[in-house]
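Chains as they are written, first to last, in the working numbering: chain A, 1 to 296; chain B, 1 to 86.
As structure tokens, then:
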């Protein structure tokens, strides 16, 4: 059910052209499309319970239902906040490359990608501000990836974009179909999934192309370091879902202890492995990553 | 040992647990330039510091200076000051 539909194509140019056509054909005006309720009730699930960071652990059973529901609210606001910050970072990188040398094939797609991602950022931010009265601050700090060549850097940039989109899509796909969630929550998630399916299909081809390029132009050591970095990036991405600020907002007495306990919980390892399964299937199935990725 | 010094020692122990090959960390070693902390490990480091000082920390581009060395961490983040905001 979680497969990304990739149109049949022989090469990246044909795929990008077809995806770009799909973007034009299915274009919607996000500023008119959503009917935002003035408020959302607190006594509801804001996120599919199985997707919460306490799912599959004793905490989901031991905490009062009202508190788990409150946690679902703040965890959903945090998830959309991560989207806002993640999109900002990927937009900066793609804007640097649109119509730049070496991206002739991709630039037309990039124009649509940039437009769509800007709109996603808007509707995620709107949701956060309207129903959570805040966007959780970005606590990640983007130090430059030093000591890498421009080719390696581009490979890492598009791999990070793809990993981010794959993980987000795992949540969007499920919440978009969860009929226990409020219609606006379902709609935000299903619309995002619809657009991301196209982005992921293209992203996979771009990453494969860039990987083929670096294995022929860079040293084995450089490629190995890039692969090691990506493994750590996967783990850091999963860890970023566990937020003490969220736990504090849900009234958890010791949010840092809860985060530490969850990150070492075997139930969470299984859940996080499910979240990453499709991503790893792609990276490992195409020989881009080799060996195990230890999430905890 | 003062409470602030104890916190600084905790930070050093936390970093050395991640990078045991360092053996020791000079107060003025640039932690970012020398890859003691990097972007992927930064979030866990911030949460460790938050737990240590008992308050949320800001990590915008301006405040990153405070994370550069053990000395700046001690002066700008770990030191007990009334109304301290980083």
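Just so it is clear, CB atoms sit at the ideal spot from N, CA and C, and this is done for glycine as well.
How many Å lie between residue i and residue j at the Cα?
i: residue 240 of chain A; j: residue 271 of chain A; result: 15 Å
i: residue 5 of chain A; j: residue 198 of chain A; result: Caution applies to residue 5 of chain A, whose pLDDT of 44 falls short of 50 and renders its modelled position unreliable; the model cannot decide the point.
i: residue 19 of chain A; j: residue 113 of chain A; result: 10 Å
i: residue 43 of chain B; j: residue 244 of chain A; result: 11 Å
i: residue 4 of chain B; j: residue 78 of chain B; result: 6 Å
i: residue 32 of chain A; j: residue 102 of chain A; result: 36 Å
i: residue 88 of chain A; j: residue 1 of chain B; result: 44 Å
i: residue 252 of chain A; j: residue 70 of chain A; result: 10 Å
i: residue 229 of chain A; j: residue 188 of chain A; result: 32 Å
i: residue 191 of chain A; j: residue 203 of chain A; result: 18 Å
i: residue 220 of chain A; j: residue 49 of chain A; result: 43 Å
i: residue 86 of chain B; j: residue 47 of chain A; result: Confidence in residue 86 of chain B is poor, its pLDDT being 46 and thus under 50, which makes the residue's placement unreliable; the coordinate value appears in the next sentence. About 32 Å.
i: residue 77 of chain A; j: residue 246 of chain A; result: 9 Å
i: residue 110 of chain A; j: residue 98 of chain A; result: 6 Å
i: residue 58 of chain B; j: residue 268 of chain A; result: 28 Å
i: residue 57 of chain A; j: residue 265 of chain A; result: 7 Å
i: residue 9 of chain A; j: residue 24 of chain A; result: The pLDDT assigned to residue 9 of chain A is 39, lower than 50, so where the model puts this residue is not dependable, and the model offers no usable value.
i: residue 84 of chain B; j: residue 248 of chain A; result: Here the model assigns residue 84 of chain B a pLDDT of 46, short of 50, so the residue's position is not dependable, and the following value carries that caveat. About 20 Å.
i: residue 292 of chain A; j: residue 94 of chain A; result: 30 Å
i: residue 215 of chain A; j: residue 45 of chain A; result: 46 Å
i: residue 73 of chain B; j: residue 66 of chain B; result: 5 Å
i: residue 289 of chain A; j: residue 231 of chain A; result: 8 Å
i: residue 279 of chain A; j: residue 131 of chain A; result: 31 Å
i: residue 2 of chain A; j: residue 125 of chain A; result: Low local confidence applies: a pLDDT of 45 at residue 2 of chain A is under 50, so the model's placement there is unreliable, and no value is given.
i: residue 205 of chain A; j: residue 174 of chain A; result: 24 Å
i: residue 62 of chain B; j: residue 14 of chain A; result: 44 Å
What does residue i reach in chain B if we use C-beta pairs closer than 9 Å?
i: residue 256 of chain A; result: 47, 48, 50 and 51
i: residue 240 of chain A; result: 43
Name the chain A residues whose beta carbon is nearer than 7 Å to that of residue i?
i: residue 89 of chain B; result: Past the edges of chain B, shown from 1 to 86, lies residue 89 of chain B, and the structure says nothing about it.
i: residue 56 of chain B; result: 245
Mind listing the chain B neighbours of residue i? Cutoff is C-beta to C-beta under 8 Å, in chain order.
i: residue 259 of chain A; result: 47
Name the chain A residues that come within less than 9 Å of residue i, Cβ to Cβ?
i: residue 59 of chain B; result: 137, 138, 139, 140 and 141
Mind checking whether the beta-carbon of residue i lies closer than 8 Å to any heavy atom of the ligand MG?
i: residue 291 of chain A; result: Only the bare structure without any ligand can be found here, which leaves the ligand MG out of the picture.
Hey, is the segment 119-129 of chain A in contact with the segment 55-73 of chain A, meaning 3+ C-beta pairs nearer than 8 Å? no
Of the residues that make up the segment 219-237 of chain A, which ones have a beta carbon closer than 7 Å to any beta carbon in chain C? Annotation note: the requested chain C is absent from the structure, which comprises protein chains A and B.
Contact between the segment 231-239 of chain A and the segment 156-173 of chain A is defined here as three or more beta-carbon pairs at a separation below 8 Å; is this criterion met? yes
Along the chain, which unbroken stretches of the alpha helix (DSSP H) at least 4 residues long are found entirely within the segment 5-73 of chain B? Complete alpha helix (DSSP H) runs here, min 4: 39-53 and 70-73.
contact_flag[the segment 217-236 of chain A, the segment 73-88 of chain A] where n(CB pairs < 8 Å) is 3 or more: no
With three or more beta-carbon pairs closer than 8 Å as the criterion, would you say the segment 4-16 of chain B touches the segment 279-295 of chain A? Too few Cβ pairs lie closer than 8 Å, so no.
Any contact between the segment 45-57 of chain B and the segment 253-270 of chain A? By contact I mean 3 or more CB pairs, one from each, below 8 Å. yes
Report yes or no: do three or more beta-carbon pairs, one from the segment 36-56 of chain A and one from the segment 177-189 of chain A, lie closer than 8 Å? yes
Completely contained alpha helix (DSSP H) runs for the segment 104-171 of chain A, where each covers 4 or more residues: 107-127
The segment 20-32 of chain B / the segment 204-213 of chain A touching (three or more Cβ pairs under 8 Å): no
Any chance the segment 131-143 of chain A sits against the segment 169-181 of chain A, with 3 or more Cβ pairs inside 8 Å? no
Alpha helix (DSSP H) runs contained entirely in the segment 207-294 of chain A, provided each spans 4 or more residues: Entirely contained in the segment 207-294 of chain A, the alpha helix (DSSP H) runs reaching 4 residues are, in chain order, 220-239, 244-249, 255-263 and 266-285.
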